[in-house]
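Under my numbering, read the sequence shown as residues 42 to 383, first letter to last.
Cβ atoms here follow ideal geometry from the backbone N, Cα and C, with glycine treated the same way.
Just so we're clear, the structure is a prediction, and the values are computed from it rather than from any experiment.
Below is one structure, written out as structure tokens; comments come after it.
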Amino acid sequence: PASLVSPALSSRLAFLDTKSVVETAIFLSPLIAPAFVHAIMSTLAAARYGKDNVRVYKVHRDEKTGVQTVVEMTVCVLLEGEIETSYTKADNSVVVATDSIKNTIYITAKQQPVTPPELFGSILGTHFVEKYAHIHAAHVNIITHRWVRMNIDGKPHPHSFIKEGGETRNVQVDVIEGKGIDINSSINGLTVLKSTGSQFWGFVRDEFTTLKETWDRILSTDVAANWQWRRFSGLPEVKANAHHFDYAWETARNTTLKVFAEENSASVQATMYKMGEQILAAVPLLETVEYALPNNHYFEIDLSWHKDLKNTGKDAEVYVPQSNPNGLIKCTVGRAGQKAKL
């Protein structure tokens, strides 16, 4: 700190090179030496920057049929590369302005397909790495908001849609120069519930346990499912496999719903593992499938205090939805031969 250094010493140090200052600091009092050495030896360990929360809406109009299709996204692009001097030396010559990044997103959305989002993210990320020689990685996150076509009088309407709750289709695309393209796809905010077909018993019972075993309970969760694709060599390979992306999303969503609905679940753990197994079997290009499922509890309420009203066990009809605390169960399902991260 400047307050610990005399004006005379400060004046002398100003004319020393870095090596000399370090050597001088070693002989300073123990109080101020660490501050000098720490300041001189600091370095930028990591950095990325870009534009977040870029909202994009695109409409496709089929002139022959009159049917319109809409896509709404929220996009984030972060860049990495030789940008250190913008942090350490206030040198903006290496900065691609975040406003320019925003403009690029809109221009690319106009000129290129925005579906599937895995392809759009790969096109966008590759642009930045190829356009700017000093940018070596681009990280693109896309949240696709679901608009579902209305059915009017039993027929799909050509240009009217319903927004389905908070469910989104998300992708994270990392374009890394010299290495390839990593893509992670996901479903978030898909809330499901079944009023029976779930049980939980045989768990550890000790002096901390109050939970009762049950062979019939309500099961509800907010699905967060992620699937990691094997690394693609570059944009041409992503384009060649673009048809797999929508198929994988449909498979993951349909499998999640089918297993959830049909299985008499022994536990959330067992159910989510079965989901992951089936998705991996259906989509060979995937490396892993990951689930994070909160257990949204619905508790029976004892009403026996009111005229011996029965509302527990097989007589339960009225429940109290719980906001918190809640269980949270996670797992990653990989292919045989992969080392598990337990």
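In the DSSP annotation of this structure, the continuous segment of the beta strand (DSSP E) that includes L334 starts and ends at L327 to N336. Our two residues, G238 and I203, have alpha carbons roughly 30 Å apart in a direct line. With respect to the 8 Å criterion, V116 and I164 are not classified as neighbours on the basis of their beta carbons. In this structure, the CA atom of K351 is about 13 Å from the CA atom of Y360. Note on geometry: alpha-carbon atoms of A311 and G375 lie some 15 Å from one another.
If you draw a straight line from the Cα of G230 to the Cα of P335, it comes to about 11 Å. At a Cβ-Cβ threshold of 8 Å, V309 and I370 count as neighbours. Taking all protein chains in view, the Cβ of A289 is crowded by 16 or more other Cβ atoms within 10 Å, so the residue is classified as buried. Per the DSSP secondary-structure output, F273 pairs in a beta bridge with I222.
Sequence-distant Cβ neighbours of R102 in its own chain, meaning closer than 7 Å and more than five residues away, are Q109. If you draw a 10 Å sphere on the C-beta of D215, you find 16 or more other C-beta atoms in it, and that means buried.
In the DSSP assignment, D140 falls within the unbroken alpha helix (DSSP H) covering T139 to Q152. Rounded to whole angstroms, the Cβ separation of A179 and K99 is 21 Å, and the two are not in contact under 8 Å.
Beta bridge pairing from DSSP links M114 with V97 and T185. Residue range P158 to K172 is occupied by the alpha helix (DSSP H) that includes F161.
Going by C-alpha positions, F301 is about 27 Å away from R246. The three-state secondary structure of Q310, taken from DSSP, is helix. The shortest CA-to-CA distance from V170 to any of V95, N365 and G221 is the one to G221. Distance from I183 to V212 at the Cβ level is roughly 5 Å; contact confirmed, criterion being Cβ atoms closer than 8 Å.
L326 sits away from I320, with the two beta carbons spaced by 8 Å or more. When the five nearest sequence neighbours on each side are left out, the beta carbons in the same chain lying within less than 7 Å of the beta carbon of Q153 are those of F161 and I164, in order along the chain. Taking each of L85, K130, N144 and A131 in turn and checking the Cα distance to K92, the smallest one comes out for N144.
Around the beta carbon of Y332, 16 or more other beta carbons sit within 10 angstroms, so the residue counts as buried.
For T209, the uninterrupted beta strand (DSSP E) segment begins and ends at K196 to I217. Selection G207, P199 and V181 evaluated against T232 yields G207 as nearest (Cα-Cα). Check the Cα spacing between E254 and each of G243, T262 and S261: the tightest is with G243.
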